[in-house]
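> This is the structure I have questions about; it appears just below.
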């Protein structure tokens, strides 16, 4: 499996597994955007700005609020407009030849590379990880085999988003494939899990649920869902006492890394 998704076992330190904003990101993001988008000549002389430049930033909905916070705290001669844009929306924009943002923050490097290859546009990655959060299984009153991602994906009551547009849904599939390659699971077991997953996806008549919708359903009626730990922690805090459990299979967590790219 690509090194862009880590599947190594993680320590149980909760602080290490919640969303981690990279400390140097504030300075790095502002500096890189300034250099790439406007150049040093736009920074003014002696700390005074000339014409202010607007920088359009598209960020995955799950991290858009954090990116807005970074933008609001940034100094300099730039005004940052941050919009929440999913990878699916970005794909549509590219297909329709709409104007692209100056900067894009997708949910994973795999998503960035895949879309870049699909549209034959070489997006330039300027920061490998603006933030990171593990992908976990949120459950309540559900039987899910947590030995491996391969076995977990076979659980009939497990729900997930669309892997073609969601990094949180795509990452466990990549992790399961990696388990087969590392001989932690068999190809036969992977085939069974993929068949069960395909059947569940084919039986869906409405749009794939969002992470918030899946978490609400689990809290209300039990079951299991694949979500980012960031969203899972927020749901657990909002529904304190709901019995919502967050865990990754014993073969290890996979992460969404939110790279920063110039389009």
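Numbering (the numbering used here), first residue to last: 45 to 307.
Where a beta carbon is used, it is the ideal one built from N, C-alpha and C, also for glycine.
Using only the alpha-carbon positions, how far apart do residue 171 and residue 303 sit?
Residue 171 sits at position 127 when you count from the first residue of the chain shown. Residue 303 sits at position 259 when you count from the first residue of the chain shown. Going by the C-alpha atoms only, they are around 6 Å apart.
> Taking Cβ to Cβ, would you say residue 124 is nearer than 9 Å to residue 118?
Here residue 124 corresponds to residue number 80 of the chain shown, with the count starting at 1. Here residue 118 corresponds to residue number 74 of the chain shown, with the count starting at 1. Contact: yes.
> DSSP three-state call for residue 265: helix, strand or coil?
In the chain shown, counting from the first residue as 1, residue 265 sits at position 221. DSSP places residue 265 in helix when its eight states are reduced to three.
> Near residue 111, which residues of its chain fall below 7 Å by C-beta distance, leaving aside the five closest residues on each side in sequence?
Counting from 1 along the chain shown, the entry for residue 111 is found at position 67. Counting only Cβ-Cβ distances below 7 Å, and skipping sequence neighbours, we find 101, 103, 126, 149.
> When the Cα atoms are used, what is the spatial distance from residue 295 to residue 188?
Within the chain shown, the letter at position 251 stands for residue 295. Within the chain shown, the letter at position 144 stands for residue 188. Going by the C-alpha atoms only, they are around 14 Å apart.
> State yes or no: is the C-beta of residue 275 within less than 9 Å of the C-beta of residue 259?
Indexing the chain shown from 1 puts residue 275 at position 231. Indexing the chain shown from 1 puts residue 259 at position 215. Going by C-beta atoms, residue 275 is nearer than 9 Å to residue 259.
> Does the beta-carbon distance from residue 251 to residue 237 come in below 9 Å?
Residue numbering aside, residue 251 sits at position 207 when the chain shown is read from its first letter. Residue numbering aside, residue 237 sits at position 193 when the chain shown is read from its first letter. No, Cβ-Cβ distance for residue 251 and residue 237 is not below 9 Å.
> Three-state secondary structure (DSSP) at residue 111?
Residue numbering aside, residue 111 sits at position 67 when the chain shown is read from its first letter. It is helical.
> Could you tell me the boundaries of the alpha helix (DSSP H) in which residue 135 lies?
What you label residue 135 is simply residue 91 of the chain shown in a count that begins at 1. 131-139 is the extent of the alpha helix (DSSP H) around residue 135.
> Cα separation between residue 105 and residue 272?
Start at 1 with the first residue of the chain shown, and residue 105 comes out as number 61. Start at 1 with the first residue of the chain shown, and residue 272 comes out as number 228. Between residue 105 and residue 272, the C-alpha separation is close to 12 Å.
> Just the C-alpha distance for residue 181 and residue 146, rounded to the nearest angstrom, thanks.
As a first step, residue 181 is located in the chain shown; it is residue number 137 there, counting from the start. As a first step, residue 146 is located in the chain shown; it is residue number 102 there, counting from the start. When rounded, the distance between both Cα atoms is 34 Å.
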